[in-house]
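A.B. asks: Chains as they are written, first to last, in the working numbering: chain H, 10 to 479; chain S, 2 to 207.
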Amino acid sequence: MMAVGRTGGLAVGIAAVLLTAVPPIRLAAQDTSFIDRGVRVGIIYRPGVRPGFVLLPRQGSGLDSVRAIVARDLDYSDRFEVITLPGGDSIRLATSGSAPLPPPPARGQARPATGGGAQAAGLNYPLYQALGADFALDLTLTGDTTVVTLHDVAAGGVRRTIRARLSVPGSPDFRQAVHRVADQVLQAALGTPGIAATRVLFVKDGKVYQIDQDGAEQKLVSASDRQAMSPAWASDGRRFAYMEFQAGRGQLFVQEMASGKRTAVATTGKALDFTPAFSPDAQTLAFSRATEEGTDLYTINLKDNCCLRRLTVGRFSDNLSPTFSPDGQRIAFVSTRPGLPQIYVMAADGTDQQLFAPFDYGVTGSSNAPEWSPDGQSVAFHRDVAGTLQVFVLDVRTRTVRQLTSVGRNEDPTWAPDSRHLAFVSDRSGYRQLWIIDLDTGRIRPLLQQSGARLPAWSPRLPEATSSTP
Amino acid sequence: MKPVSLLFVIGLGAAVVAAGCGKKNTEQVAPMANPDSAAAAERARQDSIDAARAAADCAAQAEAERVASQRASDSAAAAARAAEGIRNTVTAMIHFDYDKSNVRSEDAGILDQKVAILQANPELRIRVGGHCDERGSDEYNLALGNRRAQAAKQYLVSHGIDASRIETQSWGEERPAVDGHDEGAWSQNRRDEFEIIGGGDNLRQP
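#1: Residues of chain H with a CB under 8 angstroms from the CB of residue 172 of chain S: which are they?
#2: Using beta-carbon positions only, say whether residue 426 of chain H and residue 207 of chain H come within less than 8 angstroms of one another.
#3: Going along chain H, which residues have a C-beta under 8 angstroms from residue 130 of chain S?
#4: Can you check which of these residues, H:405, H:332, H:369, H:187, is closest to residue 378 of chain H by C-alpha distance?
#5: Let's test the definition: count the other Cβ atoms within 10 Å of the Cβ of residue 472 of chain H and tell me whether it reaches 16, buried, or not, exposed.
#6: Across the region 62 to 73 of chain S and the region 296 to 314 of chain H, are there enough close Cβ pairs to call them in contact, namely three or more that are closer than 8 angstroms?
#7: Between which residues of its own chain and residue 102 of chain S is the CB-CB distance below 7 angstroms, once the five residues before and five after are set aside?
#8: Can you tell me the Cα-Cα spacing of residue 80 of chain S and residue 58 of chain S, whole angstroms?
#9: For the beta strand (DSSP E) containing residue 447 of chain H, name the first residue and the last one.
#10: Is the region 174 to 191 of chain S close to the region 122 to 138 of chain S, with three or more CB pairs under 8 angstroms?
#11: How many angstroms separate the CA atom of residue 206 of chain S from the CA atom of residue 84 of chain S?
#12: According to the Cβ coordinates, are residue 163 of chain H and residue 147 of chain H closer than 8 angstroms?
#13: Should residue 239 of chain H go down as buried or exposed, given a rule of 16 or more other Cβ atoms within 10 Å for buried?
#14: Can you name, in chain order, every residue of its own chain whose Cβ lies under 7 angstroms from the Cβ of residue 104 of chain S, other than the five neighbours on each side?
#15: Starting from the beta carbon of residue 138 of chain S, find every residue of chain H whose beta carbon is closer than 8 angstroms, and list them in chain order.
#16: Can you find the residues in the same chain that come closer than 8 angstroms, C-beta to C-beta, to residue 164 of chain S, ignoring five residues on each side of it along the sequence?
#17: Threshold first: 3 residues or longer. Then list the beta strand (DSSP E) segments lying entirely within the region 210 to 260 of chain H, N to C.
#18: For a contact meaning CB atoms closer than 7 angstroms, what does residue 284 of chain H contact in chain S?
#19: With H, G and I counted as helix, E and B as strand and the rest as coil, what does DSSP make of residue 189 of chain H?
#20: Grab me the residues of residue 447 of chain H's own chain with a C-beta within less than 7 angstroms of its C-beta, minus the 5 sequence neighbours each way, in chain order.
#21: Distance, Cα to Cα, residue 415 of chain H vs residue 435 of chain H?
#22: What residues in the region 140 to 158 of chain H have a beta carbon less than 9 angstroms from any beta carbon of chain S?
#23: Could you name the residues of the same chain whose beta carbon sits closer than 6 angstroms to that of residue 87 of chain S, not counting the 5 residues immediately before and after it, in chain order?
#24: Mind checking residue 122 of chain S: buried by the 16 CB within 10 Å criterion, or exposed?
#25: Measuring alpha carbon to alpha carbon, tell me which of H:385, H:245, H:338, H:63 ends up nearest residue 359 of chain H.
#26: Rounded to a whole number of angstroms, what is the C-alpha to C-alpha distance between residue 199 of chain S and residue 273 of chain H?
#27: Could you tell me if residue 185 of chain H is buried or exposed, where buried requires 16 or more neighbouring beta carbons within 10 angstroms of its beta carbon?
#28: Mind checking which residues open and close the alpha helix (DSSP H) that includes residue 184 of chain S?
#29: Could you tell me the boundaries of the alpha helix (DSSP H) in which residue 273 of chain H lies?
#30: Roughly how far, in whole angstroms, is the beta-carbon of residue 64 of chain H from the beta-carbon of residue 81 of chain H, given that I think they are within contact range, below 8 angstroms?
#31: Is DSSP giving residue 126 of chain S helix, strand or coil here?
#32: Would you report the Cα separation of residue 389 of chain H and residue 354 of chain H, rounded to the nearest angstrom?
#33: So, with DSSP's three-state summary, where would you put residue 102 of chain S?
#34: To the nearest angstrom, how far is it from the Cα of residue 343 of chain H to the Cα of residue 349 of chain H?
#35: Is there at least one non-hydrogen atom of the ligand PLP closer than 7 angstroms to the beta-carbon of residue 183 of chain H?
#36: When you compare each of H:244, H:444, H:296 to residue 458 of chain H by their alpha carbons, which one comes out closest?
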């Protein structure tokens, strides 16, 4: 917003010239098989819209890991043009420029940070503004405290100073604590919460794993050797539910993230229960149950482990894969009542069932795996297009759908808490693995570099585990 | 001559029987150790004829026993083969079209054979497991696999088999029969598997 029209300078000028030949494509996602890794220089999807961001280089500050993680988090937020200084050497850059002010890293490098104001006094704002930066981030160490200073380049001052006591790199909380710092920076810069301190659960070889959103710290979380499917987060980020095959039946479990302790969800009979989904208040678990009559949706009261309730009576059709709206009032789900599976919606008590995602009867392929976005405005799902699956997004208000992907097979989308990123399964690189797409820019990146991962579930913003003071 | 040559040809069991006969024969001959007259010689000649006859009888008896035991083991093998055949008929898979759960007409005969065996063996209980290929949606395939298992069960029930004798389960696409990412593999993976879970001993032919 604030950056519109201000991201001036040479880079944007060139981009604008280049883009004049191309019709301006904004919100339409550009699905390509291009694997985008690391920091980009001057690749502008929406010129002039995203604020430029520069991370001030500092050698020998002892914060290389923190710097690398924060830089990647801010890049992966897809909300900035991350500017890489040529050669990474801002001293030469600064002195060779026409700006008369002293280069920023020369000062304060060996000295402890003395506060935002003092630092700001030395930063060459016009220089960074000329480079297209709206924000500049400086990371320094004072004793055992990491001082994170966010400069508002255009305003010529410090926007926010964050102090955090980070554990040593490699300790269990380290990365999540750094991710929280990155989220605080994003919040300070744009007033929007980030998604750095989040994780994705997924299934591989029948087991549930977690991985940080930046692809680090993959860890096994399912507790047994039995085949597991369909992990789903509780909205507090402290628990998840999943299904496990037991002698051909499907048993649902709720597991605590911290302790790994799991509890079987009280169900009756010998049914196959699957696709669990928490209500937003985490009091209720909705799920699918396959019986002789077919598959239908049920809810159970998790708090008292009781009160099984049937929401659909399909008889000759199946109803499955529930997902709650964030206000808890509605449930989107898959129903085969039109013949092929399509996306339906109903009130959370099972009344008022109706078609949700429009389709052309006899033309549109099967639609499956809906997930309601955290902001309530969209439902992501996948749909069979010419024999392969593609990720779609339904606009809840207008009830229109748009196709997000077109390269390879793409399925099982799951929303990041910012409601603009989706993780999904794609075989675009030759084997099925997890990818992340940003709906605003269309940028796609791999989350994993290994095959066989599927059924991802993106966490909410995870509860604080370490202390950091703004 | 012939019995003697047979003795060499037939198996070990028959040879042991023949040896038993021979021993008995020697015992009969033993008291005749001191012949002192023509009468004795005549008796000895007669004895040797008897002995030869006895040997021949013995060999014939051995052969009969051999044949009988062979017949017994043949019929046991035949019975085992028959049971195996019944078992194979019970567990023969049926297959499905993509994203379909109706029993294909060409597979109805496979289920009809199961109906006959289930009717001839009232103790027999089976489990039907529905499976899918990897093309469809992972979670939807659990519902589809369930439909496929139910389709087979309903077919059997509609042909007179008590529903309580048939369990069903769905594995979705989680247990492919064949690895592979083409229609050749997929068509084999879209299937119902049948498993005997009770009363599978001494299966009777319908």
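We treat Cβ as the ideally placed atom computed from N, Cα and C, and that holds for glycine. From a predicted model like this one, the values you see are computed outputs, not experimental measurements.
C.D. replies: Quick answer:
#1: The residue labelled residue 172 of chain S in the question sits at position 171 within the second sequence. Under the 8 angstroms cutoff, chain H gives 254, 257.
#2: Walking along the first sequence from the start, residue 426 of chain H turns up at place 417. Walking along the first sequence from the start, residue 207 of chain H turns up at place 198. Closer than 8 angstroms, so yes.
#3: In the second sequence, residue 130 of chain S corresponds to position 129, counting from 1. The contacting residues are 257.
#4: For the purposes of this step, residue 378 of chain H is taken as residue 369 along the first sequence, with counting starting at 1. Ranking the options by Cα distance to residue 378 of chain H, first place goes to H:332.
#5: The residue labelled residue 472 of chain H in the question sits at position 463 within the first sequence. With fewer than 16 Cβ atoms within 10 Å of its Cβ, residue 472 of chain H is classed as exposed.
#6: no
#7: In the second sequence, residue 102 of chain S corresponds to position 101, counting from 1. Within the same chain, residue 102 of chain S has close Cβ partners 145, 148, 149, 152.
#8: For the purposes of this step, residue 80 of chain S is identified with residue 79 of the second sequence, where counting begins at 1. For the purposes of this step, residue 58 of chain S is identified with residue 57 of the second sequence, where counting begins at 1. Each residue's alpha carbon lies about 33 angstroms from the other.
#9: What you label residue 447 of chain H is simply residue 438 of the first sequence in a count that begins at 1. Counting along the chain, the beta strand (DSSP E) containing residue 447 of chain H begins and ends at 442 to 447.
#10: yes
#11: The residue you call residue 206 of chain S lines up with position 205 of the second sequence. The residue you call residue 84 of chain S lines up with position 83 of the second sequence. About 8 angstroms.
#12: Counting from 1 along the first sequence, the entry for residue 163 of chain H is found at position 154. Counting from 1 along the first sequence, the entry for residue 147 of chain H is found at position 138. The answer is no: Cβ separation not under 8 angstroms.
#13: Sequence index remark: in the first sequence, residue 239 of chain H carries index 230 (1-based). The residue is buried, with at least 16 neighbouring Cβ atoms inside 10 Å.
#14: Here residue 104 of chain S is taken as the residue at index 103 of the second sequence, counted from 1. 95, 112, 152, 153, 156, listed in sequence order.
#15: Position 137 of the second sequence, counted from the start, is the residue given in the question as residue 138 of chain S. Within chain H, the residues near residue 138 of chain S are 350, 375, 377, 378, 391, 398, 420, 421.
#16: The residue labelled residue 164 of chain S in the question sits at position 163 within the second sequence. Once the five neighbours on either side are set aside, the close Cβ partners of residue 164 of chain S are 154, 158.
#17: 216 to 221, 237 to 242, 248 to 255
#18: Here residue 284 of chain H is taken as the residue at index 275 of the first sequence, counted from 1. Near residue 284 of chain H (Cβ distances below 7 angstroms), the residues of chain S are 140.
#19: By 1-based counting over the first sequence, the position of residue 189 of chain H is 180. It is helical.
#20: For the purposes of this step, residue 447 of chain H is identified with residue 438 of the first sequence, where counting begins at 1. Result list for residue 447 of chain H: 87, 429, 430, in chain order.
#21: Position 406 of the first sequence, counted from the first residue, corresponds to residue 415 of chain H. Position 426 of the first sequence, counted from the first residue, corresponds to residue 435 of chain H. Roughly 10 angstroms between the two C-alpha positions.
#22: none
#23: Within the second sequence, the letter at position 86 stands for residue 87 of chain S. Here the set comprises 118, 204.
#24: On the second sequence, residue 122 of chain S is found 121 positions in, with the first residue counted as 1. Per the 10 Å Cβ criterion, buried.
#25: Locating residue 359 of chain H in the first sequence gives position 350, counting from the first residue. It is H:338 whose Cα lies nearest to the Cα of residue 359 of chain H.
#26: Within the second sequence, residue 199 of chain S is the residue found at index 198, counting from 1. Within the first sequence, residue 273 of chain H is the residue found at index 264, counting from 1. Cα to Cα, residue 199 of chain S sits roughly 29 angstroms from residue 273 of chain H.
#27: The residue labelled residue 185 of chain H in the question sits at position 176 within the first sequence. Residue 185 of chain H comes out buried.
#28: Locating residue 184 of chain S in the second sequence gives position 183, counting from the first residue. From DSSP, the alpha helix (DSSP H) with residue 184 of chain S extends over 184 to 190.
#29: Within the first sequence, residue 273 of chain H is the residue found at index 264, counting from 1. Residue 273 of chain H -> not in any alpha helix (DSSP H); beta strand (DSSP E) instead, spanning 271 to 273.
#30: Sequence index remark: in the first sequence, residue 64 of chain H carries index 55 (1-based). Sequence index remark: in the first sequence, residue 81 of chain H carries index 72 (1-based). About 10 angstroms; that fails the 8 angstroms criterion.
#31: Along the second sequence, read from residue 1 onward, the residue named residue 126 of chain S stands at position 125. Correct three-state label for residue 126 of chain S: strand.
#32: Here residue 389 of chain H refers to the residue found at position 380 of the first sequence. Here residue 354 of chain H refers to the residue found at position 345 of the first sequence. Taking the straight line joining both Cα atoms gives about 13 angstroms.
#33: Working through the second sequence from its first residue, we reach residue 102 of chain S at position 101. If DSSP states are grouped into helix, strand and coil, residue 102 of chain S belongs with coil.
#34: For this step, residue 343 of chain H is matched to residue 334 along the first sequence. For this step, residue 349 of chain H is matched to residue 340 along the first sequence. Their backbone Cα atoms lie some 10 angstroms apart in a straight line.
#35: Looking at this structure, you won't find the ligand PLP or any other ligand, since it has none at all.
#36: As a first step, residue 458 of chain H is located in the first sequence; it is residue number 449 there, counting from the start. Among H:244, H:444, H:296, the Cα nearest to that of residue 458 of chain H belongs to H:444.
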